[in-house]
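Keeping their order, the protein sequence lines are chains A and V. Take the first sequence: its letter number 263 is residue 247 in the numbering used here, and every next letter is one higher. Converting from the second sequence to the numbering used here requires adding 13 to each position, the first position being numbered 1. For each residue, glycine too, the CB sits at the ideal point set by N, CA and C.
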Amino acid sequence: MTTFVIRRIGSLLLTLLGGYTVLFILFFALPSDPAEVIAGGNGKNPPAAVIENVTKKYHLDDSIPEQYVRRLWDTVTLGGESFQTHEPLVETIKTRLPNSLRLAVWAMLIEVTVGISTGVLSARRRNSLLDTASTLGTAVVSAIPVFVLAYLLRQVTGVYAFQHQWPEWARFPVLSEANHGWYLGIIPSLDQLKHLVQPALVLASVSTVIVARLTRTTMLEAAGSDHVRTARAKGLRERRVLTRHTLRNALIPVVTFIGIDFGTMVGFAILTETVFGWPGLGSRVARAASQSDLPVVLTLSMVVMAIYGVANLIVDISYAKLDPRIRLGGAK
Amino acid sequence: MTAPMLSIEDLRVSFRTDDGLLQAVRGVNLSVDAGEVVSVVGESGSGKSVTALAVLGLHPAQRSEITGRINWQGEDLLAASPDRLRQIRGGEIAMVFQDPLTALNPVHTVGRQIIEAVRAHRDVSRAAAKARAVEMLGLVGIPQPQRRVDMYPHEFSGGMRQRAMIAMALSCDPKLVIADEPTTALDVTVQAQVLELLVASTHELGSAVMLITHDLGVVAGLADRVAVMYAGRVVETSSTDEVFAEPAHPYTIGLLDSLPRVDTDVEEELRPIGGQPPSMLSPPPGCAFHPRCPFASAERGCMTELPELDARPHAAACWRRDELASLREAVTA
């Protein structure tokens, strides 16, 4: 187990280095001069003196290997600052990472509760109205791109609702304000809840329908297995047969999916965060990428990759806990 | 004569399939007395397992139609409430399934699975149930049961797993153990061991056994009585000795002729039964065995009328039963 974790962390570090290198090379492969973009950019012609200053300040005239090492050091130590806003990256992470985590945690809670219970109910009442409805709902939700869903929702509850004087509870603020109003850092105040609900729902939407489908399939498969028949033949109560022998086995692949999905939601909620102006990591990286803001892109991407990697590691460990037949590589 | 512990009367089980109604069991009569070992023998698809599962009400209600009577110590199991059925399952009638690898839940330890069986029927503490699990694992010959009890099914060998299944089945002192092909999925080298263990340990606890098998060979030394099934019906039943000595149905004769014998010096040729068992979607009219029967005769009604199991102590369902001896001589001569 320990050997396994150490080896996995080692390979995660290598992956991070690879990711860093790719991003770094891509940045310098761009046709535009980074100094020019920083100095003004967007087709304007900033004065040569300014460009020169910027080049000096950010050591953009150093050789590429020198810059590679310097940026790598900055990334590892979370030093450095944004080319554009000059905000130290430590600060950016401190304010934005918690927001990303909050959004992801709540989206995951929706995914787990709604997704799993819908899946279990559809499997239990196969071909019932609920099952048919959930099949249809799944098709609809997975067919709508996330950004369309997000914009529609925002337009209805954030713009239309205000224009037509909908009751207070049906009106939702258009832009998010996620830095305040949390109890224990994670439980939203009533006011914050209004900001949180929509991005959380949108972020959870696709994952939730996938979980519902997956749970339905694995439940049906488990319910038809021999050991469930054995459980019944032992005289166990139907409830116990369902929880201990059907659901318990059916959830193994579902848990795997949810774990990996959590990593994705923390780091790659770019569309949702951008549409709702949620101040998390995703929206910041997206903006930085369009501004050639190299330090922000590099450092935040590495943070996201690290979280994704750790989430995967936790999935693998819990997988071995859930299914005793799985041995972790390296464990003897 | 007192009524048998279990008596199945005119049991019919059909399944709705996409191809039509599959008549898996078509009027089975079968009984098991207390402490007795009854073997149900037949080819795959003859309805043996379906009969066994029907006794415990384990067929999915949506897809199956079940009629007849299953009398268990005076009550009809087909009419029993779900709660009562649950008490009987595992508590009074326990089951050992064919493949212990799939029949045990891979994510729980063997001990936990026995413990929950015990606690489903007895109001005992977890510790007491675990002690019982260890005791049962020891009884079925699993070495170091205190250690083994905390292991997972995949850490057991095939034979060990089936022993654990038997331990689980016996853990609540059932009056009847139904073993559905308990050794078919096992290595040949341990088949005999496990079967003997099953019969010996149930004997020790005074439980009756309904042993379902397709192998007449395993029956010989173990069963008190035999019921031979073909195409969803019992075609012959009597004491094991009588069935072996004087088979009264052409199908049983065919089964015996296809077995190698070690109790005679005569070098006999093995004769397999020709043809295929019938499709249960549309079983043949008359005696279901007639397309494969060397003695089938239109005058006797073999092709048109279904023979009932006769009322003799050595019962058989064959229109030409009394002529069989002479017919056989004519064939071999």
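Thinking residue i and residue j are a contact (beta carbons under 8 Å), I'd like their distance in whole angstroms, please.
i, j, result
"Val259 of chain A", "Ala272 of chain A", "Going by Cβ atoms, the distance from Val259 of chain A to Ala272 of chain A rounds to 18 Å, so no, they are not a contact pair."
"Met149 of chain V", "Leu183 of chain V", "6 Å"
"Val222 of chain V", "Val50 of chain V", "5 Å"
"Thr141 of chain A", "Gln182 of chain A", "7 Å"
"Thr256 of chain A", "Val130 of chain A", "7 Å"
"Ala130 of chain V", "Met178 of chain V", "Their Cβ separation, rounded to whole angstroms, is 11 Å, which puts Ala130 of chain V and Met178 of chain V out of contact at 8 Å."
"Leu322 of chain V", "Val247 of chain V", "6 Å"
"Leu297 of chain A", "Ile236 of chain A", "At roughly 17 Å, the Cβ-Cβ gap does not stay under 8 Å, so Leu297 of chain A and Ile236 of chain A are not in contact."
"Val143 of chain A", "Val125 of chain A", "Not quite, the Cβ-Cβ distance comes to about 22 Å (not below 8 Å), so this is no contact."
"Leu198 of chain A", "Gly121 of chain A", "Contact doesn't hold; Cβ gap of about 15 Å is too wide."
"Gln175 of chain V", "Leu152 of chain V", "Actually they are not in contact, since the Cβ atoms of Gln175 of chain V and Leu152 of chain V sit about 14 Å apart, beyond 8 Å."
"Pro291 of chain V", "Pro298 of chain V", "Actually they are not in contact, since the Cβ atoms of Pro291 of chain V and Pro298 of chain V sit about 11 Å apart, beyond 8 Å."
Anyone know if the C-beta pair for residue i and residue j falls short of 9 Å?
i, j, result
"Ala142 of chain V", "Ile128 of chain V", "yes"
"Leu319 of chain V", "Cys300 of chain V", "yes"
"Cys306 of chain V", "Pro260 of chain V", "no"
"Gly234 of chain V", "Ser59 of chain V", "no"
"Ile242 of chain A", "Val193 of chain A", "no"
"Thr283 of chain A", "Gly64 of chain A", "yes"
"Gly219 of chain V", "Leu272 of chain V", "no"
"Tyr200 of chain A", "Ala123 of chain A", "The residue asked about is misnamed: residue 200 of chain A is Arg in this sequence, not Tyr. No."
"Ser285 of chain A", "Leu87 of chain A", "no"
"Arg135 of chain V", "Cys185 of chain V", "yes"
"His303 of chain V", "Met316 of chain V", "yes"
"Val147 of chain V", "Leu211 of chain V", "no"
"Gly251 of chain A", "Tyr292 of chain A", "yes"
"Leu224 of chain V", "Val241 of chain V", "no"
"Pro18 of chain A", "Tyr165 of chain V", "no"
"Ile266 of chain V", "Arg325 of chain V", "no"
Pull up the distance between the alpha-carbon of residue i and that of residue j, whole angstroms please.
i, j, result
"Ile128 of chain A", "Leu85 of chain A", "25 Å"
"Ala74 of chain V", "Ser27 of chain V", "11 Å"
"Val239 of chain V", "Thr230 of chain A", "37 Å"
"Thr122 of chain V", "Leu226 of chain A", "18 Å"
"His43 of chain A", "Ile22 of chain A", "13 Å"
"Ala144 of chain V", "Ser267 of chain A", "59 Å"
"Ile21 of chain V", "Gly81 of chain V", "8 Å"
"Leu185 of chain A", "Gln147 of chain A", "23 Å"
"Met173 of chain V", "Ala92 of chain V", "37 Å"
"Val269 of chain A", "Asn83 of chain A", "14 Å"
"Gly55 of chain V", "Thr240 of chain A", "45 Å"
"Thr(-14) of chain A", "Arg(-8) of chain A", "10 Å"
"Gly48 of chain V", "Arg311 of chain A", "44 Å"
"Ile(-10) of chain A", "Ala234 of chain A", "30 Å"
"Arg221 of chain A", "Val294 of chain A", "39 Å"
"Ala290 of chain A", "Leu(-4) of chain A", "7 Å"
"Leu204 of chain A", "Thr115 of chain V", "16 Å"
"Ser189 of chain A", "Glu95 of chain A", "8 Å"
"Phe(-12) of chain A", "Ala304 of chain A", "12 Å"
"Phe169 of chain V", "Val120 of chain V", "13 Å"
"Gly171 of chain V", "Pro156 of chain V", "15 Å"
"Arg228 of chain A", "Ala133 of chain V", "13 Å"
"Phe12 of chain A", "Gly264 of chain A", "26 Å"
"Ala205 of chain V", "Asp89 of chain V", "35 Å"
"Ile244 of chain A", "Val89 of chain A", "13 Å"
"Arg160 of chain V", "Leu113 of chain A", "49 Å"
"Val232 of chain V", "Val299 of chain A", "50 Å"
"Ser251 of chain V", "Met18 of chain V", "17 Å"
"Ala67 of chain V", "Asn84 of chain V", "12 Å"
"Pro285 of chain V", "Gly99 of chain A", "56 Å"
"Ala91 of chain A", "Leu278 of chain A", "30 Å"
"Gly40 of chain V", "Phe308 of chain V", "24 Å"
"Ala236 of chain V", "Val38 of chain V", "23 Å"
"Gly154 of chain V", "Glu217 of chain V", "14 Å"
"Glu161 of chain A", "Gly103 of chain V", "60 Å"
Is residue i near the ligand SAM, going by C-beta to nearest heavy atom under 8 Å?
i, result
"Ile127 of chain V", "What this structure holds is no ligand at all, so the ligand SAM is not there to describe."
Contact residues within the stretch 217 to 236 of chain A, judged by C-beta distance below 9 Å to chain V: Ala217, Lys218, Gly219, Leu220, Arg221, Glu222, Arg224, Arg228, His229, Arg232, Asn233, Ile236
The stretch 210 to 222 of chain A / the stretch 114 to 122 of chain A touching (three or more Cβ pairs under 8 Å): no
Inter-stretch contact at 8 Å, needing at least 3 Cβ pairs: the stretch 194 to 201 of chain V / the stretch 23 to 37 of chain V: no
Near-chain A residues of the stretch 97 to 110 of chain V (beta-carbon distance less than 8 Å), N- to C-terminal order: Arg99, Gln100, Ile101, Arg102, Gly103, Gly104, Ala107, Met108, Phe110
Chain A contacts made by the stretch 62 to 79 of chain V, where a contact means CB separation under 7 Å: Leu69, Leu71
Members of the stretch 291 to 309 of chain A that neighbour chain V once the beta carbon cut-off is set at 8 Å: Leu306, Asp307, Pro308, Arg309
Under 7 Å (Cβ pairs) to chain A, residues found in the stretch 115 to 138 of chain V: Thr115, Ala116, Leu117, Asn118, Pro119, Val120, Glu129, Ala130, Ala133, His134
Selection of the stretch 163 to 174 of chain V by Cβ proximity to chain A, strictly under 8 Å: Tyr165, His167
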